[in-house]
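Structure first, commentary second.
Residue numbers (the working numbering): 18 to 386.
In structure tokens form, the structure reads like this:
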């Protein structure tokens, strides 16, 4: 896509969404909901890379109920790139039919239900406490498939606090950080399943496990059978917020002509909303470790091992905007470590929100989950 076409497409998309949202606002019984997100970053580092101001993603999310059981959701982004003005992408596009709380069937393009972060925090940095996602699950990551095109069945298990997601669809594309938007590259479908526990307690606990199975045929390198296991525990409240996630990917060559290998990663994040006159402030800490074995036939040519520590604070100076400041110390594959300072101004806009009524991070995440 040329820069001009990408820009025109983005403007046209946003204009269309605003027209739809404006119509829905004028008629309160129309079951549409839209959210718009944006962010502006500032970076200063002692390592390589360009310092200064960075335009982050512009995000439009739209949900609508076609009838009492059928709904649609779409999420679109415009991202600044080095060699073009903006890159436009449909990140998620899902149509879902709710048979019951136990059975909800959908089809489309998802954030792959592996682990916690990838389905808890979608595009729009205002939704997450930190400026950036963990290295393993960052957008464009090669470690896990961030997106998934296919069908998904999900729901609660009877009337319990347990739930499930199972699905199958297209596996990784030849560029393995892309999904198979136009079909499966090697006609070997991918399968994903997750099981979670989510009781209604004051800490908003969630714990779960997931597995992803695929045969990847990368543009460069051998065909590889891939199995990813993930487990996590999260306290989704504000006092405290705790997230611990572990991912393990086993990769075996299908031709048996070379070594097999694996990649593992873990991160832990803790944050705490202060009280009283400081209630708008939320300090946080995250530590990460990513280990890519030299013999990993899929990831070793593409991904460096990584260790990182992030310390920061979030200031919600408005119900709809936050200023985040953080310091990161990072080391890639035993290279010299790098220390950087980041600022981010992140915001959300809800055209249907009456003046004076706030929107919460939890509410926005639940709406788009």
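We put the CB at the ideal spot given by N, CA and C, even for glycine.
Do residue i and residue j have their C-beta atoms closer together than 8 Å?
{"i": "residue 56", "j": "residue 158", "result": "no"}
{"i": "residue 323", "j": "residue 343", "result": "no"}
{"i": "residue 164", "j": "residue 136", "result": "no"}
{"i": "residue 231", "j": "residue 188", "result": "yes"}
{"i": "residue 273", "j": "residue 240", "result": "no"}
{"i": "residue 111", "j": "residue 94", "result": "no"}
{"i": "residue 185", "j": "residue 200", "result": "no"}
{"i": "residue 147", "j": "residue 337", "result": "no"}
{"i": "residue 96", "j": "residue 78", "result": "no"}
{"i": "residue 389", "j": "residue 316", "result": "Because residue 389 is not part of the residues shown, which for the chain are 18 to 386, the question remains open."}
{"i": "residue 310", "j": "residue 64", "result": "no"}
{"i": "residue 170", "j": "residue 217", "result": "no"}
{"i": "residue 50", "j": "residue 80", "result": "yes"}
{"i": "residue 82", "j": "residue 48", "result": "yes"}
Whole-angstrom Cβ separation of residue i and residue j, contact assumed at under 8 Å?
{"i": "residue 180", "j": "residue 150", "result": "23 Å between Cβ atoms; not a contact."}
{"i": "residue 287", "j": "residue 244", "result": "Contact flag wrong, Cβ pair sits at about 30 Å."}
{"i": "residue 98", "j": "residue 104", "result": "5 Å"}
{"i": "residue 162", "j": "residue 229", "result": "7 Å"}
{"i": "residue 172", "j": "residue 119", "result": "4 Å"}
{"i": "residue 327", "j": "residue 303", "result": "4 Å"}
{"i": "residue 247", "j": "residue 262", "result": "7 Å"}
{"i": "residue 319", "j": "residue 153", "result": "Actually they are not in contact, since the Cβ atoms of residue 319 and residue 153 sit about 13 Å apart, beyond 8 Å."}
{"i": "residue 131", "j": "residue 250", "result": "That belief does not hold up - the Cβ atoms of residue 131 and residue 250 are roughly 15 Å apart, past 8 Å."}
Measuring only the C-alpha atoms, how far is residue i from residue j?
{"i": "residue 361", "j": "residue 279", "result": "35 Å"}
{"i": "residue 211", "j": "residue 71", "result": "36 Å"}
{"i": "residue 113", "j": "residue 334", "result": "36 Å"}
{"i": "residue 321", "j": "residue 312", "result": "13 Å"}
{"i": "residue 138", "j": "residue 277", "result": "32 Å"}
{"i": "residue 339", "j": "residue 364", "result": "6 Å"}
{"i": "residue 305", "j": "residue 358", "result": "17 Å"}
{"i": "residue 193", "j": "residue 236", "result": "8 Å"}
{"i": "residue 202", "j": "residue 233", "result": "9 Å"}
{"i": "residue 85", "j": "residue 117", "result": "11 Å"}
{"i": "residue 281", "j": "residue 325", "result": "15 Å"}
{"i": "residue 133", "j": "residue 140", "result": "15 Å"}
{"i": "residue 67", "j": "residue 350", "result": "21 Å"}
{"i": "residue 54", "j": "residue 367", "result": "9 Å"}
{"i": "residue 61", "j": "residue 155", "result": "20 Å"}
{"i": "residue 275", "j": "residue 285", "result": "34 Å"}
{"i": "residue 255", "j": "residue 221", "result": "9 Å"}
{"i": "residue 266", "j": "residue 206", "result": "17 Å"}
{"i": "residue 174", "j": "residue 331", "result": "36 Å"}
{"i": "residue 41", "j": "residue 52", "result": "Residue confidence is low: residue 41 scores 48 on pLDDT, short of 50, so the model does not pin down where it sits. Its coordinate-derived value is still stated next. For residue 41 and residue 52, the distance between alpha carbons rounds to 13 Å."}
Quick check: is the beta carbon of residue i nearer than 8 Å to any beta carbon in chain C?
{"i": "residue 169", "result": "As a matter of chain content, chain C is missing from the structure shown, which is built from one protein chain."}
Please state the DSSP three-state secondary structure of residue i.
{"i": "residue 366", "result": "strand"}
{"i": "residue 280", "result": "strand"}
{"i": "residue 338", "result": "strand"}
{"i": "residue 75", "result": "strand"}
{"i": "residue 158", "result": "coil"}
{"i": "residue 135", "result": "helix"}
{"i": "residue 295", "result": "helix"}
{"i": "residue 144", "result": "helix"}
{"i": "residue 91", "result": "strand"}
{"i": "residue 153", "result": "helix"}
{"i": "residue 97", "result": "strand"}
{"i": "residue 272", "result": "coil"}
{"i": "residue 177", "result": "coil"}
{"i": "residue 322", "result": "coil"}
{"i": "residue 64", "result": "coil"}
{"i": "residue 307", "result": "strand"}
{"i": "residue 169", "result": "strand"}
{"i": "residue 106", "result": "strand"}
{"i": "residue 163", "result": "coil"}
{"i": "residue 243", "result": "strand"}
{"i": "residue 40", "result": "Because residue 40 sits at a pLDDT of 48, beneath the cut-off of 50, its placement in the model cannot be relied upon, and the following sentence gives the value as read from the coordinates. Correct three-state label for residue 40: helix."}
{"i": "residue 373", "result": "Interpretation of residue 373 is limited by its pLDDT of 49, a score under 50 that renders its predicted location unreliable; no figure is taken from the coordinates."}
Quickly, what does DSSP pair residue i with across the bridge? List them, please.
{"i": "residue 115", "result": "121"}
{"i": "residue 356", "result": "346"}
{"i": "residue 56", "result": "363"}
{"i": "residue 314", "result": "Beta-bridge pairing links residue 314 to no other residue."}
{"i": "residue 287", "result": "259, 302"}
{"i": "residue 51", "result": "79"}
{"i": "residue 223", "result": "251"}
{"i": "residue 129", "result": "Residue 129 pairs with nothing; no bridge assigned."}
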